[in-house]
Each structure stands twice: as structure tokens, then as C-alpha cells.
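So the sequence shown is residues 3 to 417, counted in our numbering.
We put the beta carbon where it would ideally sit given N, CA and C, even for glycine.
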Amino acid sequence: MKEPVYAAAREAIDERAHQSLSDLETLAGINSGSRNIAGVTAMSDAAAALFTGLGAECTRETLPQWERVDDDGEAVAEPLGPLVRLRRHVPGAPSVLLVGHTDTVFPADHPFQQVWREGERLRGPGVADLKGGLVVMRDALRALEESELAGRIGWEVLLNPDEEIGSPGSAPALDEAARRHDLGLVFEPSLPDGTLAGARRGSGNWTAVFHGRAAHAGREHHLGRNAVVAAARFIARIDALNGVRDGVTVNPAFVRGGGPTNVVPDRAVVRLNVRVTSTADGDWVAREIEAARREVDAPPGYVVTLHGGFSRPPKPMTPALETLFEAVRRCGEAVGEEVSWQATGGCCDGNNLAAAGLPNVDTLGVVGGGIHSADEYMEIPSLGRRAALVATLLLGLARGDIDWPNVRETGTEEG
Ligand SMILES: [Zn+2]
């Protein structure tokens, strides 16, 4: 990868470094927590504007309402922001799916709102997760589209507004797009030392709602059915699953129930998160959670309902993914970056793409840390370095210097 086309792309990225940083500052200045619909809509507009001039067709799609169970155990439906899709279709050519999200974990009234530079770091909400990644994506695609290799490969950018709440509305769009492409790139930040995420565990969330019967604690205690005690039994039963199977962890994380001490409580709510490394383990733990529900539900006077399931299937290290990581490593060598990866317990939309059969590297955004907290930062030089890495990968694929991990069966019927 010594041809002038690669060096020209790197130079163009370097020359625009100031513009890229200021684009990121603009994006990070938009308050866009997943449930702040006005904010995430404004962010979607700004993100779409970022990609103008690249020859892609841009569409905005409305997502269905998001169903969830609130902290009192009541089902509620909430709106989501729009999904942004940019498509550069090249008939007959292989194609890349690039995924990022426009939402952050910070609610509209969160105190962490400022964006500021501190030496080599930019601090602010979403600078690493994932707004920096959007700029990396744009800069890499621009390098491809401005090169002589433009039009050799197709691409599609999908920007979802609900990643930080588990992509409840955008999961079908991710799945559908994943099946139309040959390779996926997701722009989550890498680990703070620049290491990429390799295999990822799967994740599921459940909410259990316990209904008992209220009674006066003094006069009619025997008539009551204590929902808080039922919830406690359930939690103990679920916690006992830890350590039974390697790689499976359960975390009862939220509990609410009861009220005045002279009343037997009739309602309690428990939320839990589960992490697994394989689909078989996921099936096992889902069966165990249902068995625990049945046990606690069995005594007369109790009703226990369960909501939720796996939103992120496990992402194992497959041979196709191994090939893709090796390709990224080679691109790293070409741009003077050491590329390494390691398994992680975290998960992201890369899990969903993998479940749809699309090999993908999911931490090609900026290098940063402190994500999901007011300490979030990104390393300013990583903006250009990651763009150069991804541009090299795209150019390499377009030029045929890099093999596709999962070459699509092309065209006998298309001619
Ligand atoms: Zn993210």
C-alpha cells in the first residue's frame, strides 16, 4: 500500500485536521440524550449535513415508539429520534456498511454540557462516544470519494438515535442493512490505549414485576402476599446463577417496592442485566430466569410478569472476523499505527451486525476514555489517525489490495 493514492488521502485528511476538530466541537455541543427527541433530531440533521457532498442519497426514517416498563412496573411507550441513512450504491460492486449513533447517555438536564480543549484532549459529552466517530467516518469516506477509486465500491452509512438504550427501534434496520453488505465498520471509540474490541459478550435486560396482595401489617398480616419478599426470593435465585457456567454473569441491578411499614406491600419491580459469550448460554440463562419467575409466581396470591430479553447477541471471533482484523492491522502498518484487539464484556451495534452474519470491526472511532461519565474525553490526534486508518482500508478494498472477508456471490443472474 505504497501507491500515491494512499499518501494523497492521508495528506488531504491532515490538511483538514482543524476543520474536522471544529466539526466535532459543533456536534458535541448539541445536547442529544437518547430520550431528548428534539436534541437527537437536531443532532441527526447536523450529522446528515456532515456527509453532504459525498454523492450519497440521504434519507431520514421515523422509528416506531419504544415500549418499556417504568420503575413502577407500568408499560409505557416513548418516541425515538429519526434514523439517518446515506447510501452510495454502486451496482454490482461489493459494499461496506458504516454504523454510528447520534444519541448520547446524557439526559437534557445533565450538568455535563460544555465542550473544551485541554492540551491534546477534547472534553465534552459524546466527543468519544460517538460523535468523534462520525467525523472519522466522514473524513475516511471523503478520502475515498475524492480519490480516483471513487465508484469502485458501494457504501451505506446508518446513524441510529437509540444505541445507548440498546437500539430498541433501530435493531430491524441494522439487521436488514447488515444482510445487504459485505463488511461492517462501526465507529464506537476504542479502548483508552487504542486497543480495538475483538469478541464481545452478548447482553440482555429483563424487568420482573411482582404483584402480591396488600393487607394491614398488624390486623390482617396473614391475608397479605408480600411482593417485596417475592422479589427478594427471585433476586437470590437469579444471583445463584453466577458461577454456574463460565462466561455467564447476571446482575440484579435495580429494585423498587413497598411503602409504609404497616402495610404488606403488593408491588415490587426488579431489573437485571445478563452477559453471555454464546447463544447456547443465552438460551440457558433465559430458561433459568423464566424458571425463577414460575417458582415465585407459584404460591396462590402472587403474579409475576417478565419483560425483556437479549438485545445484543454475542459477537464471537469468527474466521471472517479474524481476516478483517488482519486487514485492519495491515492498514495500521501502512499508516504507522499499531493495531491490536482484545475481547470485551461490553457490547454495541457490532453485536447486532454480527448476529445478521456481517463481519465487522466496531471500535474504529476515536481513541478516548471516561465514556458515559462527565470525565469523557477524546485524544485529538486520533481523529486524523483513525480517519487515515479507515481511509486506507476503504481504498485498499476499492483497489483490490485488501480481500473482502466474506465475498458476496455476484451476479450470474445479473449478468
Ligand atoms: Zn456508543
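- [ ] Confirm, please, whether the CB-CB distance from CYS333 to GLU395 is below 8 Å.
- [x] First, the amino acid is wrong: residue 395 is Leu here, not Glu. Contact flag set, yes.
TODO: Give a single yes or no on whether CYS349 has its beta carbon closer than 7 Å to a heavy atom of ligand 3.
DONE: As presented, the structure is devoid of ligand 3, carrying ligand 1 as its sole ligands.
TODO: Give the single residue among LEU385, GLY386 and LEU366 whose Cα lies nearest to the Cα of LEU193.
DONE: LEU366
Open item on the list: Looking only at its chain, what residues have a beta carbon closer than 8 Å to the beta carbon of LEU176, apart from the 5 residues adjacent to it on each side?
Closed with: VAL101, LEU160, ASN162, SER169, ASP351, ASN354, LEU355 and ALA358
Open item on the list: For VAL337 and ALA50, I'd like the C-alpha separation in whole angstroms.
Closed with: 28 Å
Open item on the list: Between the region 52-61 and the region 135-147, can you find at least three pairs of beta-carbon atoms closer than 8 Å?
Closed with: yes
TODO: Measure from the alpha carbon of ARG62 to the alpha carbon of each residue in ARG144, SER46, LYS4 and THR325, then state which is nearest.
DONE: SER46
Task: Other residues of its chain near THR106: CB distance less than 6 Å, five sequence neighbours each side excluded - done: SER34, GLY35, PRO127 and GLY128
Open item on the list: For a test of the three-state rule: what should DSSP assign to PRO254, helix, strand or coil?
Closed with: In the displayed model, PRO254 falls within a strand according to three-state DSSP.
TODO: In angstroms with no decimal places, state the Cα-to-Cα distance between ALA400 and SER97.
DONE: Straight-line measurement puts the Cα of SER97 at about 9 Å from the Cα of ALA400.
Open item on the list: Considering only their Cβ atoms, is the gap separating MET380 from ARG123 smaller than 8 Å?
Closed with: yes
Task: Identified DSSP bridge partners for TYR379 - done: ARG125 and GLY371
Task: Residues near ARG18 by beta carbon distance below 8 Å, same chain, minus five either side - done: ASP141
- [ ] Count the C-beta pairs between the region 74-87 and the region 192-207 that are closer than 8 Å, then say yes if the count reaches three, no if not.
- [x] Fewer than three beta-carbon pairs drawn from the region 74-87 and the region 192-207 are found closer than 8 Å, and the two stretches are therefore not classed as touching.
- [ ] Taking only the alpha-carbon atoms, compute the straight-line gap between ALA376 and ARG119 and give it to the nearest angstrom.
- [x] 14 Å
- [ ] Determine the burial state of PHE256: buried for a count of at least 16 other Cβ atoms within 10 Å of its Cβ, exposed for fewer.
- [x] exposed
Open item on the list: Distance check for GLY347 and ASP111, CA to CA, integer angstroms please.
Closed with: 29 Å
- [ ] Would you mind stating whether VAL42 and THR104 have Cβ atoms separated by less than 8 Å?
- [x] yes
- [ ] Note the first and the last residue of the continuous alpha helix (DSSP H) segment covering GLN344.
- [x] It is not in any alpha helix (DSSP H) - GLN344 instead sits in the beta strand (DSSP E) that spans 343-346.
Open item on the list: Determine whether the beta carbon atoms of ARG89 and ALA130 lie at a separation below 8 Å.
Closed with: no
TODO: Note down the Cα distance separating PRO109 from LEU391, rounded to an integer number of angstroms.
DONE: Whole-angstrom Cα-Cα distance: 33 Å.
- [ ] Just confirm the distance between the C-beta atoms of PRO407 and ALA322, as a whole number of angstroms; I'd bet it's less than 8 Å.
- [x] 4 Å
Open item on the list: Measuring only the C-alpha atoms, how far is ALA9 from VAL71?
Closed with: 53 Å
Open item on the list: Considering just the uninterrupted stretch of the beta strand (DSSP E) at VAL337, what are its terminal residues?
Closed with: First-last for VAL337: 321-337, but that is the alpha helix (DSSP H), not the beta strand (DSSP E).
TODO: Kindly provide the ranges of any alpha helix (DSSP H) runs that are 4 or more residues long and lie completely inside the region 158-183, ordered along the chain.
DONE: 173-180
Task: Those residues which DSSP pairs with GLU80 across a bridge - done: TRP68
Open item on the list: Looking at ligand 1, does it come within less than 7 Å of LEU132, judged from the CB to the closest heavy atom?
Closed with: yes
Task: Contact check, GLY75 vs VAL211, beta carbons under 8 Å - done: It is a contact, given that the beta carbons lie within the stated cut-off.
- [ ] Compare the C-alpha of VAL272 against each of GLY284, GLU147, ILE237 and VAL265 and name the closest.
- [x] ILE237
- [ ] Check each candidate in ALA11, CYS60 and GLN67 and name the one with the smallest Cα separation from ARG37.
- [x] GLN67
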